[in-house]
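There are 2 protein chains.
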Amino acid sequence: MTYCVGLSVDQGLIFMSDSRTNAGVDNISVVSKMKVWEVPGERFLCLLSAGNLATTQATISLLDERGLAPAERNPSILTQPSMFQTAKLVGETVKEVISYTTPAGQSADAMFSGSFILGGQIKGGKPRIFLIYPQGNFIEAGADNPFFQIGEHKYGRPIIIRTYDPKMSLEECAKLLLVSFDSTIRSNLSVGLPIDMQFYEADSLKAGYKRRFDKNDPYYQTISEGWSDALKSAFDALPPFER
Amino acid sequence: MTYCVGLSVDQGLIFMSDSRTNAGVDNISVVSKMKVWEVPGERFLCLLSAGNLATTQATISLLDERGLAPAERNPSILTQPSMFQTAKLVGETVKEVISYTTPAGQSADAMFSGSFILGGQIKGGKPRIFLIYPQGNFIEAGADNPFFQIGEHKYGRPIIIRTYDPKMSLEECAKLLLVSFDSTIRSNLSVGLPIDMQFYEADSLKAGYKRRFDKNDPYYQTISEGWSDALKSAFDALPPFER
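From first to last, the protein sequence lines are chains A and B.
Heads up: the first sequence begins at 273 in the working numbering, then just goes up one per residue.
Heads up: the second sequence begins at 273 in the working numbering, then just goes up one per residue.
Shown next, in the form of structure tokens:
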């Protein structure tokens, strides 16, 4: 499993992903699920991925044109005219990867599926976030649905639904998403530290502040421990039940 | 889907279940998923059920011996010598129901599966809670795992994990479980009001306080609305993230 969130606020976009990958509980590794492309002043793109690691890595490699010698690379993902076209390219690429894996080759019980969150901005457009399905189609975040989650989304969803406000700063969003990730990590072994975080300030057209939280990160520890106490206080503040 | 919780504290046991049943989002009904048997002074049993409604209803009917005329009924579930034997009887009954449905009769895409939480106390024993699987086997709650959830358990789990304390009163447990249910109901359409709640005071050997919360219940409304504000305050109280 995996847990990734892409969230949109007035100030910009924030992306967060865990980094645990597993082939069974006895075979786990750390792999970042966040990929950033940028042409400063022109475009910024961030892609979060969940699902079969072979599928998501192949998709990213194709988008990156890693088949070419480094000098010859001119990734097509950096030449699309709009975020919509960029999402379409990601969708077509994942569909292509899945289609050439599924029918031939070794069969396996594992699914070849992969899902993506793509966010960013291209000059002349607005910051946008898309959720891209393994079938290649996609949906866009809007005012009624300002964030997307992929992977193990259930444990960490209630806190986002109840606390989100479009006027939040990116720093407040970082705190909110860390609480959501901590709730998920405590409940599902297949979601694990370190956590990657990427800010994007609207209209900056370049990668913003970036941070990786590992288990020794003092702020992560503060949130993880502090939230239990804060929840208990909140719970105590609710009126008692009377028969 | 469904959401049911059976929770054990020093003071006794508490059971809570939603009452939405559905065959698709366009076909929903209200059905209680809680069944209580008691012989005051001798035993108290509460059974919560999730899964295929035909399977769970047939299981309960068999346990209740509804095939007999009312005057001839002497439900075997009320004659077991221990909670362990009672859980075994429930497990054998659900396995039997599933086995006579599955191979013959009409085939369907729907699963015939059903899961149960059984809690209660029999004179001479302690209050106990079991989780019974559709395969007929079962596990018991203990100090490390003092509660069981069946159905849509993920949304409402983090708050129980972080807030539970064996010294809580049954009233505090009611508040906790209502928060957990409200988080689930807001996130999953297939879990719905009204909510049934049953208390059991340890060693009382009779059914305790009971209540049904519907959408007009003033306390449920207070919790549902108050928890969002309480969570926001708790969130604001955490130290801010700084770059």
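Glycine included, every Cβ here is placed at the ideal spot set by N, Cα and C.
Since we're looking at a predicted model, the values are computed, not measured.
The beta carbon of B/Leu-510 sits closer than 8 Å to some beta carbon of chain A. Note on geometry: alpha-carbon atoms of A/Phe-384 and A/Ile-404 lie some 15 Å from one another.
Short of 6 Å from the beta carbon of B/Ile-457, and not among the five residues preceding or following it, lie these beta carbons of its own chain, in chain order: Val-463. Listed along chain B, the residues sitting closer than 8 Å to A/Ser-459 by beta-carbon distance are Lys-426, Arg-429, Pro-430 and Ile-433. Put simply, the backbone Cα of B/Val-369 is about 10 Å away from that of B/Gly-386. At a cut-off of 8 Å, the C-beta of A/Thr-274 has no neighbouring C-beta in chain B. Taken through DSSP and simplified to helix, strand or coil, A/Leu-477 comes out as coil.
Note on B/Val-451: 16 or more other CB atoms within 10 angstroms of its CB, so buried under the neighbour-count rule. In this structure, B/Ala-474 keeps its C-beta atom at 8 Å or more from the C-beta atom of B/Pro-418.
Taking CB atoms only, B/Phe-507 has a neighbour in chain A less than 8 Å away. Our two residues, A/Leu-335 and A/Ile-411, have alpha carbons roughly 20 Å apart in a direct line. In the three-state scheme derived from DSSP, where H, G and I count as helix and E and B as strand, B/Tyr-372 is classed as helix. In the three-state scheme derived from DSSP, where H, G and I count as helix and E and B as strand, B/Leu-510 is classed as coil.
Residue range 325-336 is occupied by the alpha helix (DSSP H) that includes B/Ala-326. Following the DSSP letters along the chain, one finds B/Lys-447 inside the alpha helix (DSSP H) bounded by residues 442-459. Taking B/Asp-486 as the centre and dropping the five residues before and after it, the same chain places the C-beta of Leu-465 and Pro-466 closer than 6 Å to its C-beta, in chain order.
Residues of the segment 305-318 of chain B with a C-beta atom less than 7 Å from some C-beta of chain A do not occur.
Closest by C-alpha distance to A/Glu-514, out of B/Lys-395, B/Ala-326, B/Glu-514 and B/Glu-444, is B/Glu-444.
Minimum Cα-Cα distance from B/Val-277 among the listed residues B/Trp-499, B/Ala-509 and B/Phe-453 corresponds to B/Phe-453. Collapsing the DSSP output to three states places B/Val-311 in a strand. Taking 7 Å as the Cβ-Cβ cut-off, the segment 391-425 of chain B has no residue approaching chain A.
One finds Leu-510 in chain A with Cβ atoms closer than 7 Å to the Cβ of B/Ile-495, taken in chain order. Counting only unbroken stretches of 3 or more residues, the beta strand (DSSP E) elements lying wholly within the segment 374-444 of chain B are 386-394, 400-404, 410-412 and 419-423, in sequence order.
Around the beta carbon of A/Thr-331, 16 or more other beta carbons sit within 10 angstroms, so the residue counts as buried. Per DSSP, B/Asn-294 is one residue of the beta strand (DSSP E) stretching across 292-294. Close to chain A, meaning a Cβ-Cβ distance shorter than 7 Å, are the following residues of the segment 465-498 of chain B: Tyr-481, Tyr-491, Thr-494, Ile-495 and Gly-498. Cβ atoms of A/Thr-327 and A/Val-362 stay farther apart than 8 Å, at about 12 Å. Annotated as distal: B/Ser-455 and A/Pro-490, with beta-carbon spacing of 8 Å or more. A direct Cα-Cα distance of roughly 5 Å separates B/Ile-389 from B/Leu-320. At least one beta carbon of chain B lies nearer than 8 Å to the beta carbon of A/Arg-515. Here the alpha carbons of B/Met-440 and B/Phe-507 stand approximately 24 Å from one another. B/Leu-448 belongs to the set of residues whose beta carbon lies under 8 Å from a beta carbon in chain A. Counted as a single uninterrupted DSSP element, the beta strand (DSSP E) harbouring B/Ser-280 occupies residues 275-281. When DSSP reads this structure, A/Ile-300 sits in a beta bridge with A/Asn-294. The DSSP-derived three-state label of B/Lys-487 is coil.
Closest by C-alpha distance to B/Asp-298, out of B/Phe-316, B/Leu-461, B/Pro-312 and B/Ile-349, is B/Leu-461.
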